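Single-structure report; data block below.
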Amino acid sequence: MIRFFTTIGGFLLGSVLLAFLTILTFNPSFFAKIALKDYLKDVASPSDNMVDKFLDDSVIDPLLNSPERLTDLGIHDLDWLTNHNEKLDDYSLETAEINHQDFLEYYSQLNAFDESELSTRTKLNLEVAKFSAEIEKMGFENFRFHMGPFIQFYGTHVYFVNFITDKHKLENKKDAEDYIKRVRQIPLAIEQLMEFEKKRAEEGIYSPKFVYDKSLIQIQELVEVANDQHPIFLSFLDSIENLEISDDLKNDMLADLSIAINEFKESYRELGVLLSENSINAREGDGVWALPNGEDYYKHRLRIYTTTDLTADEIHSLGLELVDEIQTQIINILVSEGYDIERPLSDIFVELNNDPRFLFEDSDEGRQAILDEYTRINEETYKMLPDYFNELPEAKVVVKRIPIFSEQSAAGGYYERSSLDGSRPAAWFANLYDIKATQTFGMPALSFHEAVPGHHLQIALNQENKNQTLWNKFGYTTSAFTEGWALYAERLAIEAGLVTDPYDMIGSLQSELFRAARLVVDTGIHSKRWTREEAITYMIDNAGQVRSAAESEIERYIVWPAQATAYMVGRIKIFELREKAKNELGNRFNIKDFHSAVLMNGVLPLTVLESVIDEYISENS
26 MIRFFTTIGG FLLGSVLLAF LTILTFNPSF FAKIALKDYL KDVASPSDNM VDKFLDDSVI
86 DPLLNSPERL TDLGIHDLDW LTNHNEKLDD YSLETAEINH QDFLEYYSQL NAFDESELST
146 RTKLNLEVAK FSAEIEKMGF ENFRFHMGPF IQFYGTHVYF VNFITDKHKL ENKKDAEDYI
206 KRVRQIPLAI EQLMEFEKKR AEEGIYSPKF VYDKSLIQIQ ELVEVANDQH PIFLSFLDSI
266 ENLEISDDLK NDMLADLSIA INEFKESYRE LGVLLSENSI NAREGDGVWA LPNGEDYYKH
326 RLRIYTTTDL TADEIHSLGL ELVDEIQTQI INILVSEGYD IERPLSDIFV ELNNDPRFLF
386 EDSDEGRQAI LDEYTRINEE TYKMLPDYFN ELPEAKVVVK RIPIFSEQSA AGGYYERSSL
446 DGSRPAAWFA NLYDIKATQT FGMPALSFHE AVPGHHLQIA LNQENKNQTL WNKFGYTTSA
506 FTEGWALYAE RLAIEAGLVT DPYDMIGSLQ SELFRAARLV VDTGIHSKRW TREEAITYMI
566 DNAGQVRSAA ESEIERYIVW PAQATAYMVG RIKIFELREK AKNELGNRFN IKDFHSAVLM
626 NGVLPLTVLE SVIDEYISEN S
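Spelled out as structure tokens, the structure:
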């Protein structure tokens with residue numbers, strides 16, 4: 026070996042190796058960028074122009090700076106270079122400021138491009154990027170502290186536990202070691218987020234009282250549970266049972282994890298003290314109108330989630346009209362089934378919700394039966410997909426229960442995508458906290474929404490689509506498109522003949538009614554100064570929800586302003602565009618091709634989606 030390096034070739038090779046090691050030592054991100062781009066080349070199409078390359082590069086740094094996102098995507102093969110599987114994100118105020126300065130540089134470059142000679146597709150990407158950047162810039166500069174991290178609806182204190190137990194891959198000794206290291210990182214993340222919470226208080230920004238109360242209950246449950254019964258411990262214990270490591274090492278790891286959980290608990294106790302102190306100054310108004318510059322903040326949120334210029338008043342009026350229209354459809358079915366519709370509709374909803382015919386046994390067996398039924402519905406729905414879609418995802422979706430420690434304040438269901446490598450399957454999570462909130466007639470619509478042809482179909486297709494650039498895949502997302510599609514999918518399933526039972530039809534219409542009522546209550550809370558109780562009462566009386574579900578939903582809208590408006594606004598636009606395509610194409614209209622045009626161009630603002638469909642119509646005329 027010594028003699029080899031005395032040759033010219035050996036010298037040159039040695040120099041290259043030395044340079045490599047030097048760069049790797051002092052700038053590991055240099056090679057991490059190269060490695061990540063290489064890893065992602067198989068999931069996206071290469072960019073062949075300066076603008077698309079710029080947009081692709083704008084995705085890489087944020088990904089590398091987010092260990093949690095890398096894990097979420099299942100990018101495990103790069104861990105040897107990044108060590109991201111032992112880390113959490115940096116939540117410090119200082120890092121946020123640095124990231125914003127980097128963003129401003131990106132923003133300036135983004136707006137400097139000459140669009141005159143760009144392809145249609147690249148112009149589209151640039152348009153979406155500018156739309157997204159404008160919103161991000163305004164949000165950081167004007168409303169940075171308006172939304173708190175410790176909310177009862179999937180707040181960061183709950184998220185960290187879910188992330189560790191559900192997203193962290195645990196297949197070998199290193200994974201197990203990284204798991205413990207990650208748990209040890211949680212106190213630092215909590216400390217950083219507490220600084221954010223303190224900054225909110227300095228700005229005079231507080232949450233409503235119920236947010237503090239319910240978050241404190243969640244924190245208490247995670248603190249008071251015994252270490253060997255803690256979800257972080259149980260998940261780890263279950264996973265290492267199958268690892269090829271000695272019993273002694275397993276016991277040592279469990280002991281280390283128990284120490285880490287003690288540190289976790291101490292940080293959560295400190296968090297509990299802070300939230301208790303802040304709760305004394307809880308704001309009286311439930312809506313964001315009560316915040317500094319609250320009216321403009323809500324306009325900003327509506328712009329984010331509807332991607333339109335619709336005002337709060339316009340959305341409120343639209344909601345009232347739709348509620349009346351859908352209620353009429355439900356009443357017509359009730360008449361055909363022999364119900365006395367002279368009674369208030371809310372009374373009939375209560376009767377239906379409590380009818381033993383549509384309920385499951387309040388037991389572990391009953392909850393498993395719900396999961397089994399959702400699985401059956403999902404499998405049956407898959408059979409209709411080839412008649413309506415040219416492209417189908419390879420990834421499958423499973424049904425899981427929302428973790429018990431978070432289900433009380435969680436939504437009725439939510440979806441989580443699979444990892445890029447498929448090692449972690451896609452899943453949608455059902456809320457089984459109040460078993461009487463799950464009626465058999467409401468289950469098909471929820472499954473259509475969360476699985477297929479809803480979230481799973483759209484998100485998995487986007488993830489598997491190799492004809493999109495990196496930026497198309499990871500650069501932008503909006504609820505107007507994703508939730509609008511999922512609500513559209515509920516109606517599509519009806520059109521496909523998957524809903525024939527009159528009560529299941531009532532359940533599907535109730536789902537639509539629920540989304541229409543959201544338009545009313547979200548704008549009511551945040552613009553028209555409704556109280557929490559007024560909004561809950563409206564949902565019970567007009568959408569047929571049981572008290573527990575209505576309470577959870579309204580509290581979600583309070584801490585997540587405007588997001589609930591995205592569903593129906595997005596659905597209306599997709600149907601509007603479908604009717605436009607039908608009318609203009611006539612016999613040349615093909616539902617499969619229309620769905621390809623909607624789904625295979627990435628996640629888009631609704632205005633941009635309209636231009637895509639206009640192009641589709643033009644090409645097929």
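For the sequence shown, the residue numbers in my numbering are 26 to 646.
All C-beta atoms in this analysis are idealised placements derived from N, C-alpha and C, irrespective of residue type, glycine included.
These numbers were taken from a predicted model, which means no experiment stands behind them.
From Phe178, Ser292, Leu195, pick the residue whose C-alpha is nearest to that of Asn267; which is it? Between Asn267 and the set Phe178, Ser292, Leu195, the nearest pair of CA atoms involves Leu195.
Taking C-alpha atoms, which residue in Thr590, Leu98, Gly611, Gly310 lies nearest to Leu347? Out of Thr590, Leu98, Gly611, Gly310, Thr590 has the C-alpha closest to the C-alpha of Leu347.
- Query: So what does Phe619 bridge to, in DSSP terms?
  - Reply: DSSP lists no bridge partner for Phe619.
- Can you give the Cα-Cα distance for Gly310 and Ile402, rounded to whole angstroms? Distance between the alpha carbons of Gly310 and Ile402 is about 42 Å.
Mind the definition here: the segment 470-482 touches the segment 59-66 only if three or more C-beta pairs lie below 8 Å; say whether that holds. No, the segment 470-482 is not in contact with the segment 59-66.
inquiry  = Quick check: the segment 126-144 against the segment 485-496, are at least 3 beta-carbon pairs closer than 8 Å?
reply    = These segments do not touch.
Outcome for Phe55 when other beta-carbon atoms lying within 10 angstroms are tallied against a minimum of 16 | Looking at its Cβ environment, which holds fewer than 16 other Cβ atoms inside 10 Å, Phe55 is exposed.
Cβ neighbour criterion (16 or more within 10 Å) applied to Val637: Result: buried.
Less than 8 Å separating the Cβ of His551 from some heavy atom of the ligand NAD?
Summarising the ligand content, the structure contains no ligands, and the ligand NAD is consequently not present.
Cut-off 6 Å between Cβ atoms - residues of its own chain near Tyr563, not counting five sequence neighbours on either side
Here the set comprises Val546.
| request: Give every residue of the same chain whose Cβ lies closer than 7 Å to the Cβ of Gly180, excluding the five residues on either side of it in the sequence, and list them in chain order. | output: For Gly180, the CB contacts under 7 Å within the same chain, skipping 5 residues up- and downstream, are Pro174, Ser240 in chain order.
Tell me, to the nearest whole angstrom, how far the beta carbon of Gln126 is from that of Phe79; I am working on the premise that it is less than 8 Å.
Actually they do not touch by this definition, with Cβ atoms about 18 Å apart.
inquiry  = In this structure, how does DSSP classify Glu227 when only helix, strand and coil are distinguished?
reply    = The answer is helix: DSSP assigns Glu227 an H, G or I state.
Which residues in the same chain as Leu95 place their Cβ atom closer than 6 Å to its Cβ, once the five residues preceding and following it in sequence are excluded? Excluding residues within five positions, the ones whose Cβ falls inside 6 Å are His109.
Next item on the list: Confirm, please, whether the CB-CB distance from Leu274 to Lys198 is below 9 Å.
Entry: Between Lys198 and Leu274, the CB-CB gap stays under 9 Å.
How many Å lie between Asp446 and Leu300 at the Cα? In a straight line, the C-alpha of Asp446 is about 39 Å away from that of Leu300.
Check your understanding: Which residues in the same chain have their Cβ closer than 7 Å to the Cβ of Ala541, if we skip the five residues on either side of it in sequence?
Key -> Excluding sequence neighbours, Ala541 sits near Gly344, Leu347, Val348, Ile351, Met593.
field: Asp277 versus Glu246: straight-line alpha-carbon distance, rounded
entry: Each residue's alpha carbon lies about 26 Å from the other.
Problem - Bounding residues of the alpha helix (DSSP H) (the contiguous stretch that carries Arg516) - result: Unbroken alpha helix (DSSP H) run through Arg516: 504-520.
query = Who are the near neighbours of Met26 in its chain, counting only those whose CB is closer than 6 Å to its CB and skipping five residues on each side?
reply = Since pLDDT at Met26 reaches only 40, below the 50 mark, its modelled position is unreliable, and no value is offered.
Note to self: Tell me which residues share the same chain as Pro428 and place their Cβ nearer than 7 Å to its Cβ, disregarding the 5 neighbours each side in the sequence.
What the structure shows: Within the same chain, Cβ atoms closer than 7 Å to the Cβ of Pro428 are found at Asn187, Pro256, the five residues on either side in sequence being excluded.
Pick out whichever of Ser292, Thr332, Ile305, Asn318 has its Cα sitting closest to the Cα of His660.
Limits of the chain in this structure are 26 at one end and 646 at the other, which puts residue 660 out of reach.
**Request:** Please state if the CB of Pro71 and the CB of Thr494 are separated by a distance shorter than 9 Å.
**Result:** Yes, the pair counts as a contact, with Cβ atoms nearer than the cut-off.
To the nearest angstrom, how far is the alpha carbon of Lys148 from that of Tyr184?
One Cα belongs to Lys148, the other to Tyr184, and the distance between them is close to 37 Å.
* Would you give the residue range spanned by the alpha helix (DSSP H) that Gly438 belongs to? => It is not in any alpha helix (DSSP H) - Gly438 instead sits in the beta strand (DSSP E) that spans 438-441.
- Task: Verify whether the separation of the beta carbon atoms of Gly549 and Ala560 is less than 9 Å.
- Result: In this structure, Gly549 places its C-beta atom within 9 Å of the C-beta atom of Ala560.
In chain order, what residues of the same chain lie with their CB nearer than 8 Å to the CB of Ile48, ignoring the 5 residues before and after it? Low per-residue confidence applies at Ile48: pLDDT is 42, beneath 50, and the placement is therefore not dependable, though the value from the model is reported in the following sentence. These residues qualify, in order along the chain: Phe55, Phe56.
What does the Cβ neighbour count give for Pro527, buried or exposed, with the cut at 16 atoms within 10 Å?
With fewer than 16 Cβ atoms within 10 Å of its Cβ, Pro527 is classed as exposed.
Q.
Using only the alpha-carbon positions, how far apart do Ala521 and Lys617 sit?
A. Going by the C-alpha atoms only, they are around 13 Å apart.
Run through DSSP, which three-state label would Ala476 get?
Coil, per DSSP.
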